[in-house]
Structures are given as structure tokens and as C-alpha cells.
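Take a look at the structure set out below.
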Amino acid sequence: MGRLGERLAALRERGEGALIPFVTAGDPDLETTEALIPALVDAGADAVEIGVPFSDPLGDGPTIQRASERALRSGTSLRRVLELVKNLRPRVDVPLVLMGYANCLYTMGEENFAIAAQSAGVDGIIVVDLPPEEGESLFAAVRGRDIDPVLLAAPTTTSERLARLARETRGFLYCVALTGVTGARGTLDLGIEETVKRVRASSDVPVCVGFGVSKPEHAARIAEFADGVVVGSALIDRIAAAPSPTAAVDAAAEFVASLKAPLRASGGAAAIR
Amino acid sequence: MKSEADSRGHFGEYGGRFVPETLTTALDQLEEAYARIAFSDEFRSELDGLLHSYAGRPTPLYCARSLSSDLGATVYLKREDLAHTGAHKINNVLGQCLLARYMGKTRVIAETGAGQHGVATATSCALMGLQCEVYMGEHDTQRQALNLFRMELLGARVHTVSSGSRTLKDATNEAMRDWVTNVRTTYYCIGSVMGPHPYPTLVRDFQRVIGLETRRQILDLEGRIPDVLMACVGGGSNAMGLFHPFLDDDGVRMIGVEAAGEGLDSGRHGAAIGAGVPGVLHGMRSLLLSDDDGQIFPAHSISAGLDYPSVGPEHAYLAGIGRAEYVSATDEEALDAFVYLSRAEGIIPALESAHAIAHARKFVPSLPKDALVVINLSGRGDKDAPLVRELLAARRSEKH
Ligand SMILES: Cc1ncc(COP(=O)(O)O)c(C=O)c1O
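Protein chains in written order, with the working numbering: chain A, 18 to 290; chain B, 45 to 444.
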């Protein structure tokens, strides 16, 4: 089992919900991201999703679109994101997961990417536009290097397919909380509980829920039925609104701490078992 | 040879379905519905009826006498400019909107570059009582202002997209985001032979009517099939529609003309086959304009319909196996051809179609005198008249 699976298993054992913040690497520059990620971990992050910026992020709403634009403007590339992970690795012991789009990974080459990601210390990858049917060879390449390909499931996914995704994912299954693109929403779509229950019917794989989550109450509610919560746009909104890089790091850490607090007491997914 | 995708929509190494998980089920449903509905007698006869009495098909195959004597071979123009709404786009859209209606969808979305696909979609939705929303890049709403107004007149809501290069690529991103959000109620009517499986196959099938008619008409007129087929290539739907029914005829040369913009060396062009690399964008693996970090770089063309950094996967495949050839024409050459065809034949072509004419002017003189050439005149140029007036005026003032 990889670092991701171990971490989520340990949390489930303790009855604690996982908090997984998402930040776009290089937003507004890589120096800030390098300071930000250890601060998020100190504030209670159980793993971190690191967004690899792409010019055409068609699964993302305005917040992450803007973050990607800022990151690309500051010269961020997949190679530099891998360097970032390498620099962070000695200082950060939580799982680090790259999230991005297929074209960047294919352009580097499947095997080249898998080798570089392993040597940097990447624990998992999430590729927004790569369903398992198309991802077979890339996913095999990264699995061969002890990196978990995390698959996504959506409210529109059929039960039959959910069972397949749960079987084929590694680390955890990422359940998308809403039918739509990323972006903070005021209310939580509770249809997601039903999706997670359908996964549970056939599988024991850890399930984390993301997209639209913006408040500690949302996190607490999700932890009642899932192993973990991913928070991206709401965090990036706070980073983008801060007047300076230091203020951004402080604001982000404070927000992460507020999201993690209710998960410690939640009893987590283990409680429903 | 048969150019058919495998069961997952792969044309060789290209095609496929590279989409967020949310869309997977909808694409499965579309594939299933298409196979079940689109080949039924009821659907076929309704669509054929509309193509005939509403869209004005068959469009003429016109023997262009001045062009022929000027270029030194027999040149025919397939007059898609005479189809209702002024371009070939209506063929695909009537098929897809009818399919949407059979599937019980009430809302249709589309992306558009030149606005011809948007106008065709707005038209079909007006005809069939469907709600229509179109995404169009801000740059294109300016250079194709007439089509923006036509869409609104037809009752569509047009969303101006101001992200990225503010052209077709970005309009497609926004349309995909809309579809991810509203997939349960919404039919996404893609405008070319691109996107995730089954769209490249489905759009091609609806556009094949161009080639099927051409085949019948040229046999009637000349008693033989053509030596050369030519068409402009943006996403590639008018070209694929013409080429596909001739793929098994080994003697027929097929030439797709991409946008060379300011020249392939300038980096400002839309030649995904001529200068692209394999990659993934908009749900498909194809050739595309992408840098060494995998970032897409903006295309450029004088014509909004060819201003796109990728191309349909079946074209990438046909280029790879050498069955079709792909060349390009620059902005300047297209502008010249726009004026040339207007004067020579009394036909004002769309700037997109003018790229095919531009290449014909260079290429046809190299053919034997008895060669038989069919050029797809994919659309008419009214939409481009204001832009061309400006460009010609700028040229004149440069000369003085
Ligand atoms: C008249 C005309 N021709 C050609 C095109 C390019 O599309 P395709 O390559 O799919 O035929 C367009 C697109 O807007 C168009 O309006």
C-alpha cells in the first residue's frame, strides 16, 4: 500500500476524517506554493493535491481557471511542479498528489513522467480528462513506479461503472460532489451521500468527496459518510484575495485549520461501519 | 479501405474519449441513442425530408467555367453556400437537433467560431422548438458580428467568451463546462468532426451527404468520379463530408487545406496537421498546436472557422496513413481568393472556403488538362464582407 492508502487507513482506524486541500502550483508563483504547502500541513492537512496548471482547464470553474492563468504567467510547467515536489518532500510527510490534464502528462511521455514523478516523491495522480478506458497505459506506467492513479466518480456515474471505478482506483476514489465544474458553492448537494453509499455497497476503498465544498459545516457533513474532504476553490479564493504572499499563507492555513477541526471530532467513516 | 473507428472511437492512435467522468454516461447514452435512432426509417425519412424541403438539398454541383479555363482543368464547385443558412453546417445540425428531440432533450448548446454553426443550430432549434444557447469567443463576435445578430434574431442566447484567445477553442471550453453542469437536460451539438467519441463519427455521418450527392452528380455530368477533391479544414467537417464516400476509390486524391495564417513559420496559424503534434484537447486525441510543456498555443487565422488549434481525429488518421494530403493557405492568399472567386464566377465565398480556392489556384495548373477537380465551397461570404472591406481598404492605403 502506498503512502496515500496508509494515511487514509490510519485515519479511518482513528475515526477521523481526512482533509485534503487543493492548491494550484505556481499561483501566483512557485515560491509562494513552496511556503504554502508546509503551512497547510501544519494546519492539519492530511494530504495535499497540487494542481498542475493547464491552458484549457475545461473541468474547472472561474476560480481555478484564474489560478491556472496566474501560474502559467509566472512560468510554471510540469517539470517545475515536479521540482517543487522534490523540494518539499524532505519537509512534508503527508501524501502529495498531482492533479491536472492529460495533455501535459502525455507531452512529457508516459514513462518519462512516471520516472520523474517517482524520483520527485509524488504519491498519486488525478487526471481530470482521463477515464480509465483511455488511461490504461499511463496508469500502468505510474503504478509500476508506486504512484497511485486516483480515479474520479460523478453523480451521473452508473452503479455498474461505480463498482468498476472503485475496483480500479488506487489510494482512494474521488467522488465529485456535484454535476458540474470545480468552484465554491454556498450549499452542499446532498445527492453525493447516495453516490458514496452506492460505492460502499461494492467496495471498501476509501472515498473522498470534493468540488463545491466551501465551509467547515460542509466538511463535517461529508465526514459523516465519507473518508475525506477535498477543498480547492474556496481555499484559492482566500489565497487570491490576500494582500501579500505572507498574508495568503496565513489566511490559507487558518482556513484549513477551521475545516479540519470538525473532522477530528467527527468519528469519520469508521463510525458508520 | 474502410475508415471506421474502433468500438471506443479510435481512428488508429487518434480519437477516443478524454472527458471528465461526469460526461462518460452521457456519451454512452448518446452513442446508444445514435445507433438506435439515427438509422431507423422514421428518423431517416424525417431528416431526408428536412434536408430536401427545408435546407434545399441536394445542393448544385456547378461547373465553374472561368475557373476551369483559368486554371487549366475541369473544376466543379459543390455549392454548400446555397444550403439554408449559407454553409454546410446545417446538414449536421438538422441531424443532431432531430436526434436531441428524439432523445427527449429540451435544451441544446453549441460552440461556434465563424458563427455558421451557431446560426445553423439556432435555426434548427427555432424550427424544432428547442431552447438554444451558443458560446462564441469575444474576438469572433466582433469579426462575425452579422452572425451574432442572426443567432439572436433566431431566438438563441449567445454567451460571449472572453477567456484565453477569445476564439473557437475557448468557446468550446465553455460549452464543455456548460455540458458538464447541465448534462442531464442538455444536448451538446458539436459543430465539426471533433470532440469525444461518438461525435467525430456522428458528425461525419451527417455530413457524408455532401460526398454522396457529389458522387451521384459527377457521374451524371461527367460519367466518372473526380480525380481530386479539395476542401478547407478547420475541425474538418465539410472536408470529411466530401472525402468519406470516396475513401475506397484509390484513384481519388483528397486535399485538405488548413489555415496557414501569417505563415507556418510565424507561429500564427491554424495548421494542426501541417505543424501540430499528437496531444489531447476537447475530449479527443488528435494533432494539435501544443508547446513542450503541453500547453495549447492559440491558433490564428483570418477566418474564424479555421482559427482552431486542433483538427478532427479522422483527419489526423488519414494524414498519418497518407490517404489524404493536407496543405495550407495564408491569410493573404485567402483574401486574394475571396476577391478572385467573386470576380471570376460571381460567387462570394466564405473566407474559410476561400482557403480551398486559394490552394486550387496554385495546384490545379500543375494537373493534366483532362483532370476533374471538385472543390467544396463550404459557405458563402456575406458574413465576411465587412471584415474583407476593412482589410482591402487597409491594403490600398498601404500601397499609396
Ligand atoms: C463556411 C465554413 N467552412 C468551413 C468551416 C470550418 O469547419 P469544418 O472544417 O468543420 O468544415 C466553417 C466553420 O465555421 C465554416 O463556417
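Note that beta-carbon positions come from the ideal geometry of N, C-alpha and C, so glycine has one too.
- Distances taken from the Cβ of B/Ala166 to the heavy atoms of ligand 1 include none shorter than 8 Å.
- Closest in C-alpha terms to A/Phe156, from the list A/Arg281, A/Thr204, A/Gly188, comes A/Gly188.
- According to the DSSP assignment, A/Ile81 belongs to the alpha helix (DSSP H) that extends over 79–90.
- Per the Cβ contact rule, the segment 396–405 of chain B is in contact with the segment 269–278 of chain B (3 or more Cβ pairs under 8 Å).
- Between A/Gly197 and chain B, the shortest Cβ-Cβ separation is below 9 Å.
- The residue among B/Met328, B/Gly327, B/Pro322 with its C-alpha nearest the C-alpha of B/Asp335 is B/Pro322.
- When CB distances to chain A are screened at a threshold of 7 Å, the residues of the segment 53–68 of chain B falling below it are Gly60, Arg61, Phe62, Val63, Pro64, Glu65, Thr66, Thr68, in chain order.
- For B/Ser206, same chain residues with a beta-carbon under 6 Å away, outside a window of 5 residues either side, are Glu182 in chain order.
- In terms of side-chain proximity, the C-beta atom of A/Gly78 is found no nearer than 8 Å to any non-hydrogen atom of ligand 1.
- B/Thr245: not part of any beta strand (DSSP E); member of the alpha helix (DSSP H) spanning 243–251, first to last residue.
- For B/Gln73, the enclosing alpha helix (DSSP H) begins and ends at 65–81.
- Residue A/Phe272 holds the alpha-carbon nearest to the alpha-carbon of A/Ile253 among A/Gly245, A/Val246, A/Phe272.
- When rounded, the separation of the alpha-carbon atoms in B/Ala373 and B/Glu396 is 10 Å.
- The beta carbon of B/Glu57 sits closer than 6 Å to no other beta carbon from its chain once the five residues preceding and following it are set aside.
- Going by DSSP, B/Gln175 is part of the beta strand (DSSP E) stretching over 175–181.
- When secondary structure is reduced to three states using DSSP, B/Ile269 falls in the coil class, being assigned neither helix nor strand.
- In this structure B/Pro270 touches B/Val417 by the C-beta definition: roughly 6 Å separates them, less than 8 Å.
- Within chain A, the residues whose beta carbon sits less than 7 Å from that of B/Leu325 are Asp73, Asn120, listed in sequence order.
- Residues of the segment 131–153 of chain A with a C-beta less than 7 Å from any C-beta of chain B: Val145, Asp146, Leu147, Pro148, Glu150, Glu151, listed in chain order.
- Between the alpha carbons of A/Ala62 and B/Met172 lies a distance of about 52 Å.
- Distance from the CA atom of A/Asn120 to the CA atom of B/Cys141, rounded to whole angstroms, is 31 Å.
- At a cut-off of 9 Å between beta-carbon atoms, B/Thr216 makes contact with chain A.
- Ser334, Asp336, Asp337, Gly338, Gln339, Ile340: these are the residues of the segment 329–346 of chain B whose beta carbon lies less than 7 Å from some beta carbon of chain A, given in chain order.
- Sixteen is the threshold: when 16 or more other Cβ atoms of the shown chains lie within 10 Å of the Cβ of B/Gln160, as they do, the residue is buried.
- The segment 196–214 of chain B makes contact with the segment 144–160 of chain B, as at least three CB pairs between them are under 8 Å.
- Interface flag for B/Pro357 against chain A is unset, since no Cβ pair is found closer than 9 Å.
- The beta carbon of A/Gly188 does not come within 9 Å of any beta carbon belonging to chain B, so the residue lies off that interface.
- DSSP lists B/Tyr179 as the bridge partner or partners of B/His203.
- For B/Pro322, the uninterrupted beta strand (DSSP E) segment begins and ends at 321–325.
- Within 10 angstroms of the beta-carbon of A/Asn129 lie fewer than 16 other beta-carbons, which makes it exposed.
- Membership of A/Tyr123 in the alpha helix (DSSP H) is indicated by the continuous run 119–125.
- Around the beta carbon of B/Pro409, fewer than 16 other beta carbons lie within 10 angstroms, which makes this residue exposed.
- Chain order gives no chain A residues near B/Ser236, where near means a beta carbon separation below 8 Å; the closest approach is about 17 Å.
- For B/Thr225, the chain A residues whose Cβ falls inside 7 Å of its Cβ are Thr196, Gly197, Val198, in order along the chain.
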